[in-house]
Amino acid sequence: MARVIVLATGGTIASTRSSSPGATATESIEALLQSVDSGEHEVVGKDILTTGSYLLNHRDLRIIAHTVAEALEDASCDGVVLTHGTDTLEETAYLLDLVHSSSKPVVVTGAQRTPDSVGHDGELNLQDAIAVAGSPESSGRGVLITFAGCVYPARGTVKLHTTNPSPFGGVGACGYVADTPSVGAADGNGSSHSTKHVHFHAFPRRAQPLALPDEKFDATRVDVIVSHPGADATAAQACADAGAKGIIVLGTGAGNGNHALLLWARQAMESGITVGLATRVPHGSVLPLYGNGGASDFLDAGALSMGSLPWSQARILLALLLSQQQVISSDVLAEHI
Ligand code: ASP
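Per this note's numbering, numbering of the sequence shown is gapless, rising by one per residue and ending at 349.
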């Protein structure tokens, strides 16, 4: 038996539809855990926030990261589950993974359907997440995402569908959770019980842990701009004027921009803004394949390649690094992209 601490932040898994025209996060972790079969594991719940993940800011992420770290330090805790909205789950999970320095697992989960809707998925996802957090197999694997029976590494996993009950993908699953039902096994009255089997077929990529975010992270502004046919530098310059320390350019293809964006990027870097180059394409890496305003020119000018890191996670990496160091070390960056 393991002792699992379940920390809650809100999201669809904790939302109800009755309160306003759209669903809002209202339910405490105590309410969620009432309907959850935690199997053989002892579960302790604690609310950090009760909100939609589309409302989170850097300060919230910092508080979540510190609360998770405290839970991991508790000697009686074997693993942590974090319930979270799916919209920005990939950002929070990745931040937690960047600063994860324990062998104990952290498992992030949520739901696509509210507990008061037909076919709600939160209960099962939470049960699976508890099983993964309580499994000795999860040790040393860092921060994981459990959703719709699949287990994913935090790095490289993103939300790919707005409503599908299995919305996550990217680098692909590293494991799964399966139920083995045993009818009436425990009480002989015909009710069903199940045992969870947690299986891993791949080991997530791990990097040296970074320091936990401090208060500087809250105000470290890193913006994202997108290249597209006819894109000019108006949006990018507005980000710079608003005080961005870093700006990620989402290039087309393998990270290509155009002449206007390249000119702007050169000037921005001269003025001390860090420019990261990512791609708007869901799979594959930034590569110096093209000149004439392409990725090759941006990288030559000093833009940092964000490699194969999804842009949402590249933004988190840049914000954390820029909140902790003046100049981003290429060795540190290389470990993550
Ligand atoms: N759709 C979201 C969810 O699954 C809303 C949010 O991110 O909070 O929770």
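Using N, Cα and C, we set each Cβ at its ideal position, and we do this for glycine too.
*Of the residues A190, P148, G255 and R167, which one's Cα is nearest the Cα of D161?*
Per the sequence presented here, residue 161 reads as Gly, with Asp not at that position. Measuring from the Cα of G161, the nearest candidate turns out to be A190.
_CA-to-CA distance, S30 to H348, given in whole angstroms_ = 42 Å
*Should the region 108-125 be called in touch with the region 84-95, which here means at least 3 C-beta pairs below 8 Å?*
yes
*Taking DSSP as the reference, what is the three-state secondary structure of A164?*
Strictly speaking, residue 164 in this sequence is Tyr, with Ala absent from that position. In the structure shown, Y164 sits in a strand (DSSP, three-state: E or B).
*Quick one: measure Cβ to Cβ for T158 and N176, integer angstroms, because I've assumed they're closer than 8 Å.*
Going by Cβ atoms, the distance from T158 to N176 rounds to 16 Å, so no, they are not a contact pair.
*Express the C-alpha separation of T63 and E54 in angstroms, rounding to a whole number.*
Rounded to the nearest whole angstrom, the CA to CA distance from E54 to T63 is 26 Å.
*Under a three-way DSSP split, which group does V55 fall into?*
strand
*asked:* Can you look up L301 in the DSSP assignment and give me helix, strand or coil?
replied: In the structure shown, L301 sits in coil (DSSP, three-state: anything other than H, G, I, E or B).
*Would DSSP call H211 helix, strand or coil?*
strand
_With 16 other Cβ atoms within 10 Å as the buried cut-off, status of I337_ = It should be pointed out that residue 337 corresponds to Gln in this sequence rather than to Ile. Exposed is the call here.
*Tell me whether N137 sits in a helix, a strand or coil according to DSSP, three-state version.*
helix
*Cα-Cα, which of A290, E85 and Q279 is closest to N361?*
With the chain covering 13 to 349 only, the question about residue 361 has no answer from this structure.
*Classification of A231 by the beta-carbon crowding that lies within 10 angstroms, buried from 16 upward*: exposed
_At least 3 beta-carbon pairs within less than 8 Å: the region 254-272 vs the region 227-246_ = The answer is yes - the region 227-246 touches the region 254-272, with three or more Cβ pairs under 8 Å.
*With respect to 7 Å, is the separation between the Cβ of A123 and the closest non-hydrogen atom of the ligand ASP below this value?*
yes
*asked:* Here's a check: name, in chain order, each residue in its chain whose Cβ is nearer than 8 Å to the Cβ of M281, leaving out the five neighbours to either side.
replied: V287, A313, G314 and A315
*Return the chain-ordered list of same chain residues with a C-beta closer than 8 Å to the C-beta of L321, the five sequence neighbours on each side being excluded.*
R167, G168, A290, L329, H348 and I349
*Give every residue of the same chain whose Cβ lies closer than 8 Å to the Cβ of T28, excluding the five residues on either side of it in the sequence, and list them in chain order.*
Excluding sequence neighbours, T28 sits near A35, T36, T38, E39, T126, P127 and D128.
*Name the DSSP bridge partner or partners of L262?*
V238 and A290
*L84 lies in the alpha helix (DSSP H); which residues open and close that run?*
H70 to E85
*May I ask which residues mark the beginning and end of the alpha helix (DSSP H) holding R15?*
No alpha helix (DSSP H) holds R15; the beta strand (DSSP E) holding it covers R15 to G22.
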